[in-house]
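*Asks:*
There are 2 protein chains.
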Amino acid sequence: MDWKAAIEAARARIAGHVLKTPVVAPRGFGLNHAIEMKLEQMQHTGSFKARGAFNTLLAGPVPQAGLVAASGGNHGAAVAYAARALGHQAHIFVPEMAGPSKIALIRETGAQLTVVSGEYANALAAAQEYEDASGAMQIHAYDAPATVAGQGTCMAEWEAQGLQADTVLIAVGGGGLIAGALAWLQGARKVVAVEPETSCALNAALKAVQPVDVDVSGVAANALGARRIGDICFGLAVEHGATSVLVSDAAITAAQTALWRELRQLVEPAGATALAALMSGAYRPEPGERVAVLVCGANVAPDPLA
Amino acid sequence: MDWKAAIEAARARIAGHVLKTPVVAPRGFGLNHAIEMKLEQMQHTGSFKARGAFNTLLAGPVPQAGLVAASGGNHGAAVAYAARALGHQAHIFVPEMAGPSKIALIRETGAQLTVVSGEYANALAAAQEYEDASGAMQIHAYDAPATVAGQGTCMAEWEAQGLQADTVLIAVGGGGLIAGALAWLQGARKVVAVEPETSCALNAALKAVQPVDVDVSGVAANALGARRIGDICFGLAVEHGATSVLVSDAAITAAQTALWRELRQLVEPAGATALAALMSGAYRPEPGERVAVLVCGANVAPDPLA
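Going down the list, the sequences are from chains W and C.
Residue numbers for the first sequence follow this note's numbering, so the first one is 47 and each next one is one higher.
Residue numbers for the second sequence follow this note's numbering, so the first one is 47 and each next one is one higher.
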């Protein structure tokens, strides 16, 4: 697959529908160097997921029955938002673990919503049943080419904004965002995959040399708690030699706190997970190595203004 | 005074100490046009005030007795932060209305802190007494040339980042931030001064054709509740014909909510006041007029992670 072309096409397709999110290069966070950051949590519906959703909807025809998606919350909100913007119906299946903030966010879009007991995998099974029965088009949260190409526009945009880093740290759940970055960069910069110790589908897959099921839990599980890494992500991670590191829930929470205290950016745990790898020392740059962190989600619970 | 030169000098002086805050141009907010925004609330200590504080401290010698400042909270936090960064003592006088979040923010810096009953003017009187008794250097929150030149670096930086707007909306308390913008722009763009209906020292001064005392109250009073506009601001507002508009507390709260819902930026009421003028229609751009909003403070209460 010509990922560069697919991502360039996605970028043109979604340009009028997504926000060009800002970049900043703060010092602080207990580190002795600046960190380039892209504040992708400012994207519509509070995460990068709107990129893949718009790309999928705009890339081809959408059936009369509309859209279906299974989601820990952020992908569902993005699909619901993109569906409304483009005049389609949407039915979103979320696991209970998505939590009330994310469920409310989806409900506000006017999408049909089904809350499924248990974890993400259960919501995905329910969405697949609905797809089969209704003829609705499913937008996979991370393991579909159009989703990955859409998420890849985030890194393409960042490079166009003057990204200088040698190394980019990205949080991984099912792997859509990092797959897009790997697909765009094609080895031009080092990519570090950061996962919670308790939700580490990519790390487990790299060890097993194939995608395997993992248990998921912890503070970031409603965004990063995929039971199995996407095949597209796994393939790209192996092809380009992504570095995998793990962080504790305590490290994630410390990074989340620091992003508020030092930069007044209130993010969800998943949104702080990449920074946690630097702050905790799970990833230690070499002297002179320039690092960047992708801040990817802000659907924090409880909603601070609810 | 050669304000352009003073602001250029300030910019060079403080470059290593302040954050180059990001810019973004979102659509939304119930408007049919994009709004350029500078997210200055990401500045150290959560407001633009760090610019004036660092400029003052770096522009000349600081006495052994250190610094003193009176502040509704944001200026005090900025002076305390800059003092610590540069190795000086600081004594900050805050009015009770600053609230626990801002008082805690100052306390964390290790500065001496005195909470004064009542409003900002009382804290200013106490700071002046302390200055006379101790020999400490007072950094005025808004009505001193070095403070204004420091705040002016925000607009200088924004222009260097490619600001396109014909018109810039800026919230006004004592007027330091807008004075810096007027001083830098020298009429090159239209400047709209936005004040709460219940804390409108500049609006009252423009009507009276001289600074006059006003009563202050409302949701943004702990940041914008100056009893009298600064002479420097008043002079520059008259010289350059700043447009003055007023917004209600309800409009401020609606803008604050929208900044979180649509852009995941959690700001304090003062930080949303300029946007409130656009969203409420208190300021209506002409067709084709390009507008920009300076988002200036994020020390929201309660602290969402406290």
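C-beta atoms are modelled at their ideal positions from N, C-alpha and C, and glycine is treated no differently.
Since this is a predicted model, take the numbers as computed values, not measurements.
Can you name the residues that DSSP bridges to W:Pro109?
*Replies:* For the purposes of this step, residue 109 of chain W is identified with residue 63 of the first sequence, where counting begins at 1. Answer by DSSP bridge pairing: none, since W:Pro109 is not bridged.
*Asks:* So, with DSSP's three-state summary, where would you put C:Val339?
*Replies:* Translated into positions along the second sequence, residue 339 of chain C becomes position 293. C:Val339: strand per DSSP, three-state reduction.
*Asks:* Please classify W:Pro146: is it buried, with 16 or more other beta-carbons within 10 angstroms of its beta-carbon, or exposed?
*Replies:* As a first step, residue 146 of chain W is located in the first sequence; it is residue number 100 there, counting from the start. Exposed.
*Asks:* So with Cβ pairs under 8 angstroms, would you call C:Thr155 a contact of chain W?
*Replies:* Sequence index remark: in the second sequence, residue 155 of chain C carries index 109 (1-based). Closer than 8 angstroms: no.
*Asks:* Taking just the CA atoms, how far does W:His63 sit from W:Arg235?
*Replies:* Residue 235 of chain W sits at position 189 when you count from the first residue of the first sequence. Residue 63 of chain W sits at position 17 when you count from the first residue of the first sequence. Roughly 28 angstroms between the two C-alpha positions.
*Asks:* Could you pull out every unbroken beta strand (DSSP E) segment of at least 3 residues lying fully inside the region 98-142 of chain W, listed in chain order?
*Replies:* Counting only runs of 3 or more, we get 113-116, 136-141.
*Asks:* Going by C-alpha to C-alpha distance, which of W:Ala296, W:Trp306, W:Phe94, W:Pro350 sits closest to W:Ser326?
*Replies:* Position 280 of the first sequence holds residue 326 of chain W. Nearest of W:Ala296, W:Trp306, W:Phe94, W:Pro350 to W:Ser326, Cα basis: W:Ala296.
*Asks:* Kindly list, in the order they appear in chain C, the residues whose Cβ is closer than 9 angstroms to that of W:Trp49.
*Replies:* The residue given as residue 49 of chain W occupies position 3 in the first sequence. Near W:Trp49 there are no residues of chain C at all, since even the closest Cβ is about 27 angstroms away, more than 9 angstroms.
*Asks:* When burial is assigned at 16 or more other CB atoms within 10 Å of the CB, is C:Asp178 buried or exposed?
*Replies:* On the second sequence, residue 178 of chain C is found 132 positions in, with the first residue counted as 1. It is exposed - the Cβ of C:Asp178 has fewer than 16 other Cβ atoms within 10 Å.
*Asks:* Tell me the rounded alpha-carbon separation between W:Ala126 and W:Val194.
*Replies:* Within the first sequence, the letter at position 80 stands for residue 126 of chain W. Within the first sequence, the letter at position 148 stands for residue 194 of chain W. Whole-angstrom Cα-Cα distance: 18 angstroms.
*Asks:* List the residues of chain W whose Cβ lies closer than 9 angstroms to the Cβ of C:Thr303, in chain order.
*Replies:* In the second sequence, counting from the first residue as 1, residue 303 of chain C sits at position 257. What C:Thr303 touches in chain W: Leu351.
*Asks:* Answer yes if the region 207-215 of chain W comes into contact with the region 323-338 of chain W, meaning at least three C-beta pairs across the two stretches below 8 angstroms, and no otherwise.
*Replies:* As far as the Cβ criterion goes, the region 323-338 of chain W touches the region 207-215 of chain W, which means the pair count is three or higher.
*Asks:* Is any beta-carbon of chain W found at less than 8 angstroms from that of C:Trp204?
*Replies:* Start at 1 with the first residue of the second sequence, and residue 204 of chain C comes out as number 158. C:Trp204 does not count as touching chain W.
*Asks:* I'd like to know if the region 301-308 of chain C and the region 175-189 of chain C are in contact, where contact means that at least 3 CB-CB pairs between them fall below 8 angstroms.
*Replies:* These segments do not touch.
*Asks:* Can you find the residues in the same chain that come closer than 6 angstroms, C-beta to C-beta, to W:Met83, ignoring five residues on each side of it along the sequence?
*Replies:* The count along the first sequence starts at 1 and reaches residue 83 of chain W at position 37. Once the five neighbours on either side are set aside, the close Cβ partners of W:Met83 are Val70, Val339, Val341.
*Asks:* Take the Cβ of W:Pro348 as the centre, count every other Cβ of all protein chains shown within 10 Å, and call the residue buried at 16 or more, exposed below.
*Replies:* Walking along the first sequence from the start, residue 348 of chain W turns up at place 302. With fewer than 16 other Cβ atoms within 10 Å, it is exposed.
*Asks:* Can you tell me whether C:Val255 is buried or exposed, with buried defined as 16 or more other CB within 10 angstroms of its CB?
*Replies:* Stepping through the second sequence from its first residue, residue 255 of chain C is reached at position 209. So C:Val255 ends up on the exposed side.
*Asks:* Taking a contact to mean a Cβ-Cβ separation below 8 angstroms, would you say C:Thr160 touches C:Ala172 in this structure?
*Replies:* The residue you call residue 160 of chain C lines up with position 114 of the second sequence. The residue you call residue 172 of chain C lines up with position 126 of the second sequence. It is a contact, given that the beta carbons lie within the stated cut-off.
*Asks:* Beta-carbon separation of C:Ala192 and C:Gly220 under 8 angstroms?
*Replies:* In the second sequence, residue 192 of chain C corresponds to position 146, counting from 1. In the second sequence, residue 220 of chain C corresponds to position 174, counting from 1. Cβ distance not < 8 angstroms, so C:Ala192 and C:Gly220 don't count as in contact.
*Asks:* Would you verify that the beta carbon of W:Met88 is, or is not, closer than 8 angstroms to some beta carbon of chain C?
*Replies:* Indexing the first sequence from 1 puts residue 88 of chain W at position 42. It does; some Cβ of chain C falls within 8 angstroms.
*Asks:* Which residues in the same chain have their Cβ closer than 8 angstroms to the Cβ of W:Thr244, if we skip the five residues on either side of it in sequence?
*Replies:* Looking up residue 244 of chain W in the first sequence gives position 198. For W:Thr244, where only same-chain residues beyond five positions count, the Cβ hits under 8 angstroms are Asp261, Val262, Ser263, Gly264, Ala267, Asp295.
*Asks:* Taking C:Glu142 as the reference, give the member of C:Leu170, C:Ala105, C:Gly198, C:Asn78 with the closest Cα.
*Replies:* Locating residue 142 of chain C in the second sequence gives position 96, counting from the first residue. Closest option to C:Glu142, Cα to Cα, is C:Leu170.
*Asks:* Taking 6 angstroms as the limit between beta carbons, can you name the residues of its chain near C:Ala288, skipping five residues before and five after?
*Replies:* Mapped onto the second sequence, residue 288 of chain C falls at position 242. Answer for C:Ala288: Val237, Ala239, listed in chain order.
*Asks:* Just to confirm, are C:Pro109 and C:Met183 a CB contact at a threshold of 8 angstroms?
*Replies:* Reading the second sequence from its first residue, position 63 is the one you call residue 109 of chain C. Reading the second sequence from its first residue, position 137 is the one you call residue 183 of chain C. In contact: C:Pro109 and C:Met183 (Cβ atoms closer than 8 angstroms).
*Asks:* Along the chain, where does the beta strand (DSSP E) containing W:Ile81 start, and where does it finish?
*Replies:* Here residue 81 of chain W refers to the residue found at position 35 of the first sequence. That residue, W:Ile81, is in no beta strand (DSSP E); it is neither H nor E in DSSP.
*Asks:* Identify the contact partners of C:Pro72 in chain W, using a Cβ-Cβ distance below 7 angstroms as the criterion.
*Replies:* Looking up residue 72 of chain C in the second sequence gives position 26. In chain order: Leu65.
*Asks:* Near C:Phe75, which residues of its chain fall below 6 angstroms by C-beta distance, leaving aside the five closest residues on each side in sequence?
*Replies:* Counting from one through the second sequence, the residue named residue 75 of chain C turns up at place 29. These residues qualify, in order along the chain: Ala304, Met325.
*Asks:* Considering only the beta carbon of each residue, do W:Tyr166 and W:Gly271 sit closer than 8 angstroms?
*Replies:* Taking the first sequence and counting its residues from 1, one reaches residue 166 of chain W at position 120. Taking the first sequence and counting its residues from 1, one reaches residue 271 of chain W at position 225. Contact flag set, yes.
*Asks:* Using the C-alpha atoms, what's the distance from C:Ala225 back to C:Ala399?
*Replies:* This structure does not reach residue 399 of chain C, given that chain C is present from 47 up to 352, and the question cannot be answered.
*Asks:* C:Ala115 to C:Ala247, Cα distance in whole Å?
*Replies:* Numbered from 1 along the second sequence, position 69 holds the residue referred to as residue 115 of chain C. Numbered from 1 along the second sequence, position 201 holds the residue referred to as residue 247 of chain C. Going from the Cα of C:Ala115 to the Cα of C:Ala247 covers about 20 angstroms.
*Asks:* Taking only beta-carbon atoms, is W:Gln174 less than 8 angstroms away from chain C?
*Replies:* Reading the first sequence from its first residue, position 128 is the one you call residue 174 of chain W. Taking Cβ atoms only, chain C never reaches closer than 8 angstroms to W:Gln174, which makes this a no.
*Asks:* Using a cut-off of 8 angstroms between C-beta atoms, extract the partners of W:Pro68 located in chain C.
*Replies:* As a first step, residue 68 of chain W must be located in the first sequence, where it is residue number 22. Result: Pro68, Val69, Val70, Leu85.
*Asks:* Give the interface partners of W:Leu312 over in chain C, defined as CB-CB distance under 8 angstroms, in chain order.
*Replies:* Position 266 of the first sequence, counted from the first residue, corresponds to residue 312 of chain W. Here the neighbours are Arg310, Leu312, Pro350, Leu351.
*Asks:* For chain W, find out if any of its Cβ atoms is closer than 8 angstroms to the Cβ of C:Gly118; answer yes or no.
*Replies:* For the purposes of this step, residue 118 of chain C is taken as residue 72 along the second sequence, with counting starting at 1. No, C:Gly118 lies away from the interface with chain W (no Cβ there is under 8 angstroms from its Cβ).
*Asks:* Should W:Trp204 and W:Ile53 be called a contact, given that it needs their Cβ atoms to be closer than 8 angstroms?
*Replies:* Here residue 204 of chain W corresponds to residue number 158 of the first sequence, with the count starting at 1. Here residue 53 of chain W corresponds to residue number 7 of the first sequence, with the count starting at 1. In this structure, W:Ile53 does not lie closer than 8 angstroms to W:Trp204 by Cβ.
*Asks:* Determine, using beta carbons only, whether C:Gly198 and C:Ala157 come nearer to each other than 8 angstroms.
*Replies:* As a first step, residue 198 of chain C must be located in the second sequence, where it is residue number 152. As a first step, residue 157 of chain C must be located in the second sequence, where it is residue number 111. Result no, Cβ atoms of C:Gly198 and C:Ala157 do not sit closer than 8 angstroms.
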